[in-house]
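Under this note's numbering, think of the first position of the sequence shown as 1, with each following residue one higher.
Note that beta-carbon positions come from the ideal geometry of N, C-alpha and C, so glycine has one too.
Here's the structure we're looking at; comments come further down.
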Amino acid sequence: MTQRKRKQRLAPPPAPKPVAPRFPRLQAALPRALRILQIMGGMLLVAAIVFSDAQIARHKFFWLDEGAEIETNCQVTPLTTGRSTGGYFPVYYSLQRVATDYWPRYDESILVGYRLVSLAFVGISMGTLYAVLHWQLGAAWAYLALATLAGQNIFHFYAAESRPYFAWLACFVLALLAAAVAGNLDWQKLRKREYGLLVAACLLLTLVATPGVGQAATLLFTCGLCWRLLAPTPIPWSRALLLIAPPVGLMVALWFYYAGGMSSAAPDINNLVVELQQGETKLLVEVLRLLFAGPHPVPGLEIGIPNGSAPVLQALNLLMLAGVVAPVFWWRQRATLDRPTRFLFVLTICALVQILLSVPIAIGLAFRYYFVAKMFIYLIACYAVLVLAGAHLLTQFALHTFPRSRQLTTLLARGALPALVVLLVARHVQNYNAAYWLKYDGFIKSAEISCSVWGDTTKFYRKAQSSPEIPFNMIVTIAEKMRRCPLPAADQRKAMSYVVLSSSSGFETGLDFLNKPPAGVPVLSYCGREVLIAR
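Laid out in structure tokens, this is it:
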């Protein structure tokens, strides 16, 4: 029997070697370069927003409340309490005193100089917002958040004012982000850094506005609920109280110190009834309108704040409505959420709780004080969070329904969102440049003032009482008129000239020009500094 020869097995062919990239170092450096470009783009965008708001401030005259703030600011110190002043909280007013007290000159530059605190809060809040969202969600979502806020007309209007509302918005944004970062962590992995930043942000929020203590305490309790309901191992109630109770107690004590005089005021039930009955106020409707992007009228002025691109804003409103229901879908998948979605889930819960809290705050303001919708400017931050949540939810739905659309979705996110930001910011700059916010030149009755009346230095006196903002607008107007005058010949120059605020009615101011100091008329001064304008 012949033995069959075995067929020799051939060795498998060697696997083809991967084609080496032509430029390996360049391809390895591309992701890092892209990340650097994204960070630089965010920084440039924040700088552009601050610069555009500074331009608005430079062309916007002071109004009554701003003038009153500047006049009374000299009495405020970091230890000022509500018992003596009516509730000047130190985060804004102490910084504002530095800006007004130490601004070097009285001239047209006070339009920006006296509003530097609000402009600084624009840079701090927008820069922090971009950095945190870029870290947690990615550059595209950070761009979308900036676009949503920069696309709100009320954002730019109050960013260019010497009022505490924008400081409140900035501190609210910082506290909201700190709560989302801390609440997103497992309580067993919570480090001193995250907890310390959360407590510091909540203290800032407490010390910037009267309702801040309620907002800060609510954010801390929301973090406790997230540690209890979302963590793999729920935090014990005793441990949660140990983390939450001490900072809440400190915040309540500080609130009673700074707002003690305000809290003792008797409530005015008639005021609440009137506010609820007035058709033009519509208490809660005016507050909740801030949750929708659109033109917001300014009470007392027959204008509407110029708005951005209307179709884009309506698209953002639709995303906001989707963001309201996003937590319902994420709650069912809370055990398997990835890190970015989990962070956005906690951030959205914090924002929704703050929206609900705004209702009793609005009723309380009308019950004890008076109601002004712009006090609730912080709601536009909640609006931006809901827009992010809605966009993220729709993106997840698109990827789940059409798995092959991942590349297209990524391309749209990286390309369309930066374009959206540029469109909204450019649109706002165009609107404000075309708006009526030019420096008001009607504070002086005389349309033309001879250049011969000005000396090298002009000293001001106040004979007539006026609305608080009029002297500051008068300083701006006269400083500009002096700049337009050519320097006189050497034999015609005089060292000093004297101007007396002799009358004031409405927006018109009567001035007397003298060559010697007036007798028995007080010098116009602020914080101990006489008002002097030099050429």
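- Residue state for Ala245 is assigned as helix, using DSSP reduced to three classes.
- In the three-state scheme derived from DSSP, where H, G and I count as helix and E and B as strand, Asp512 is classed as strand.
- Counting along the chain, Ala489 sits inside no alpha helix (DSSP H), nor does DSSP assign it H or E at all.
- Between Cys223 and Met126, the alpha-carbon positions lie close to 23 Å from each other.
- Taking a 10 Å sphere around the C-beta of His400, we find fewer than 16 other C-beta atoms and assign the residue as exposed.
- Per the coordinates, the alpha-carbon of Phe62 lies some 43 Å from the alpha-carbon of Pro327.
- Counting the other Cβ atoms within 10 Å of the Cβ of Gly520 gives fewer than 16, which makes it exposed.
- If you compare the alpha carbons of Tyr92, Gly214 and Asp456 with that of Pro360, the shortest gap goes to Gly214.
- Residue pairing by DSSP places Glu530 opposite Ser525 in a beta bridge.
- The C-beta distance from Gly390 to Leu321 rounds to 7 Å, short enough to fall under 8 Å.
- Under the three-pair Cβ rule at 8 Å, the stretch 378 to 397 counts as touching the stretch 313 to 320.
- The Cβ atoms of Phe472 and Ser497 lie no closer than 8 Å to each other.
- Going by C-alpha positions, Ile363 is about 54 Å away from Asp456.
- Arg483 sits exposed, since fewer than 16 C-beta atoms from the chains shown fall within 10 Å of its C-beta.
- Between the C-alpha atoms of Ile36 and Leu144 there is a straight-line separation of about 18 Å.
- Here Ala182 has Leu190, Glu194, Tyr195, Leu197, Leu198 and Cys223 as same chain residues with Cβ atoms under 8 Å from its own Cβ, once five neighbours each way along the sequence are excluded.
- Note that the stretch 42 to 56 touches the stretch 130 to 143; at least 3 beta-carbon pairs, one per stretch, sit closer than 8 Å.
- Annotation: Tyr165 to Leu344 spans about 26 Å, alpha carbon to alpha carbon.
- Counting along the chain, the unbroken alpha helix (DSSP H) around Tyr165 starts and ends at Tyr165 to Asn184.
- A residue is called buried once 16 or more other Cβ atoms fall within 10 Å of its Cβ, and Val325, having fewer, is exposed.
- Excluding the 5 residues flanking it on each side, Pro522 has same chain C-beta neighbours closer than 7 Å at Tyr461 and Arg462, in chain order.
- Looking at the DSSP output, Lys459 bridges to Tyr498 and Leu532.
- According to the DSSP assignment, Leu144 belongs to the alpha helix (DSSP H) that extends over Ala139 to Ala150.
- Taking a cut-off of 8 Å on C-beta distances, the stretch 108 to 127 does not touch the stretch 232 to 252, as fewer than three cross pairs fall below it.
- Contact between Leu116 and Ala175 fails: their C-beta atoms lie close to 23 Å from each other, not under 8 Å.
- Within the same chain, Glu66, Glu69, Tyr114 and Arg115 come within 6 Å of Ser162 by CB-CB distance, once the 5 residues on both sides are set aside.
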